[in-house]
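Undergrad: Every position in the sequence shown, counted from 1, becomes a number in the numbering used here once 9 is added.
Let me give you the structure first, and then I'll get to my questions.
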Amino acid sequence: MEIWRVVTSNNNYLVSNLGKIRHKKKKKALVPVYDKDGYQTVKLYRNGKYKTVKVHRIVAFEFCKGYDETKEVDHINRIRNDNRAVNLQWLTHAQNNARKAEHGK
Numbered sequence: 010m011e012i013w014r015v016v017t018s019n020n021n022y023l024v025s026n027l028g029k030i031r032h033k034k035k036k037k038a039l040v041p042v043y044d045k046d047g048y049q050t051v052k053l054y055r056n057g058k059y060k061t062v063k064v065h066r067i068v069a070f071e072f073c074k075g076y077d078e079t080k081e082v083d084h085i086n087r088i089r090n091d092n093r094a095v096n097l098q099w100l101t102h103a104q105n106n107a108r109k110a111e112h113g114k
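Encoded structure:
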């Protein structure tokens, strides 16, 4: 079941537990683009400026427990465009590096 929440950092947008982001008033889905590392990003507009943000970080912040500003988001199944909340977890930098070494990326 898809659940939508307001993006805390920009209340003009909604984010779903399935990794989708849309404009709150227009209900228009944002089309993600890939950054140089293969992560999906979107541009959120606020106060006359666009800010590029990683989709997985928004989903994890709104739906995954364990947030701490020092932690990183890990894709459990190692698929960088699988931004479903069930596939994301907060890890320390050391834990994330250990998982990368264990799985080769």
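Cβ atoms here follow ideal geometry from the backbone N, Cα and C, with glycine treated the same way.
What are the boundary residues of the alpha helix (DSSP H) that includes V64?
TA: Looking up residue 64 in the sequence shown gives position 55. That run of the alpha helix (DSSP H) goes 64-72.
Undergrad: For a test of the three-state rule: what should DSSP assign to R93, helix, strand or coil?
TA: Reading the sequence shown from its first residue, position 84 is the one you call residue 93. In the structure shown, R93 sits in coil (DSSP, three-state: anything other than H, G, I, E or B).
Undergrad: Short of 7 Å in beta carbon distance, which residues of its chain neighbour V62, apart from the five on each side in sequence? Order them along the chain.
TA: The count along the sequence shown starts at 1 and reaches residue 62 at position 53. T50, V51, L53.
Undergrad: Using the beta-carbon count (16 or more within 10 Å), is R93 buried or exposed?
TA: If you number the sequence shown from 1, residue 93 lands on position 84. Its Cβ being crowded by 16 or more others within 10 Å, R93 is buried.
Undergrad: Please confirm whether N26 and I12 have their CB atoms less than 7 Å apart.
TA: What you label residue 26 is simply residue 17 of the sequence shown in a count that begins at 1. What you label residue 12 is simply residue 3 of the sequence shown in a count that begins at 1. Yes.
Undergrad: Given a cut-off of 7 Å on the beta-carbon distance, is the pair H112 and R87 in contact?
TA: Numbered from 1 along the sequence shown, position 103 holds the residue referred to as residue 112. Numbered from 1 along the sequence shown, position 78 holds the residue referred to as residue 87. Yes, the Cβ-Cβ distance between H112 and R87 is below 7 Å.
Undergrad: Which two residues bound the contiguous alpha helix (DSSP H) that contains K109?
TA: For the purposes of this step, residue 109 is taken as residue 100 along the sequence shown, with counting starting at 1. Note, K109: alpha helix (DSSP H), 102-112.
Undergrad: Three or more C-beta pairs under 8 Å: does that hold for the stretch 76-86 against the stretch 34-47?
TA: Too few Cβ pairs lie closer than 8 Å, so no.
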